[in-house]
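Have a look at the structure below, then the notes.
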Amino acid sequence: ETGVTQSPTHLIKTRGQQVTLRCSSQSGHNTVSWYQQALGQGPQFIFQYYREEENGRGNFPPRFSGLQFPNYSSELNVNALELDDSALYLCASSLRAGTDTQYFGPGTRLTVL
Amino acid sequence: EDKVVQSPLSLVVHEGDTVTLNCSYEVTNFRSLLWYKQEKKAPTFLFMLTSSGIEKKSGRLSSILDKKELFSILNITATQTGDSAIYLCAPRNSGNTPLVFGKGTRLSVIA
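Those protein sequence lines, which keep their order, are chains A and B.
Heads up: the first sequence begins at 1 in my numbering, then just goes up one per residue.
Heads up: the second sequence begins at 114 in my numbering, then just goes up one per residue.
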């Protein structure tokens, strides 16, 4: 157990809807990164938050957005869901931005119908 | 563009076998390489390698990095069914950049 929690564990949505996924980082960690893992692929970086600011972004469209709160928990929001957004969404916390070791939560499995 | 290639993509072995998983990478300003084990959902951290030729070991698992040839291997000896998982490698470059994961190697250990 890494101490990183995510909710919900599973979610089913339809195309065009919006979704919010949540992550609580490990105690003492101020950096949260979000990844999308499609079936048969490795995790792909979406973005990172450090002390409530976006600190890096991968190749994802603007309809993927996020927030980090003063307690360092984080949200991932996806608008206008598409079928290809179906994936496992992982968040990972690290002690600080630039630290190599990231500790992953159990993920949220999103299915878009 | 950073690139990570893992091989084989999948592997089926019997309990007690020894396996070697490969990870080759092309990363500018390389700093470290991480290995993770993913059983159901959350990847769990195994090793972080920063120096060439220095083996890291944890029980039956070991890993080594070759920064000249740009690859790393993960060895698992005396495999058990509990080793069945996807093994992911992720190199990291200097600066505040994200982990870049390979597609992983799916290892199945049968009794």
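Every residue, glycine too, gets a C-beta built ideally from N, C-alpha and C.
Keep in mind it's a predicted model, so treat the numbers as computed, not measured.
Query                                                                                                                          : Result
Interface residues of chain B facing residue 89/A [CB-CB closer than 7 Å]                                                      : Here the premise fails: no neighbours, minimum Cβ distance about 10 Å.
C-beta atoms of residue 185/B and residue 178/B nearer than 8 Å                                                                : yes
Proximity test, Cβ basis, 8 Å: residue 101/A and chain B                                                                       : yes
Contact set between residue 215/B and chain A, taken where Cβ atoms lie within less than 9 Å                                   : 42
The stretch 122-136 of chain B touching the stretch 75-88 of chain A, judged by at least three CB pairs closer than 8 Å        : no
Beta carbon proximity, residue 218/B to chain A, threshold 8 Å                                                                 : no
Anticipated Cβ contact below 8 Å, residue 129/B with residue 203/B, distance rounded                                           : Contact doesn't hold; Cβ gap of about 29 Å is too wide.
C-alpha gap between residue 169/B and residue 175/B, whole angstroms                                                           : 5 Å
7 Å Cβ cut-off: residues of chain A touching residue 198/B                                                                     : Going along chain A, no residue has its Cβ under 7 Å from residue 198/B, so there is no contact; the nearest lies around 13 Å.
Below-8 Å beta-carbon distance, residue 8/A vs any chain B residue                                                             : no
Close beta carbons around residue 165/B, own chain, < 7 Å, minus the five adjacent residues each side                          : 178, 179, 180 and 181
Residues of its chain near residue 141/B, where Cβ-Cβ distance is below 6 Å and the 5 sequence neighbours each way are ignored : 206
Within-8 Å CB hit, residue 180/B to chain A                                                                                    : no
Beta-carbon neighbours of residue 184/B, restricted to chain A and to distances below 7 Å                                      : Those do not exist, as residue 184/B stays about 16 Å from chain A at its closest Cβ, beyond 7 Å.
is_contact[residue 141/B, chain A] using C-beta, thresh 8 Å                                                                    : no
Nearest-angstrom Cα separation, counted from residue 46/A out to residue 60/A                                                  : 6 Å
Residue 69/A to residue 217/B span [Cα, whole Å]                                                                               : 32 Å
Distance between beta carbons of residue 88/A and residue 107/A, contact taken as under 8 Å                                    : 5 Å
Endpoints, the beta strand (DSSP E) within which residue 59/A is located                                                       : Note, residue 59/A: premise wrong, no beta strand (DSSP E); not H, not E.
Any C-beta of chain A under 8 Å from that of residue 134/B                                                                     : no
C-beta neighbour in chain A for residue 156/B, strict 8 Å                                                                      : yes
Cutoff 8 Å: residue 211/B Cβ touching any chain A Cβ                                                                           : yes
Proximity below 8 Å, CB of residue 150/B to CB of residue 198/B                                                                : yes
Boundaries of the beta strand (DSSP E) in which residue 219/B is found, first to last residue                                  : 218-223
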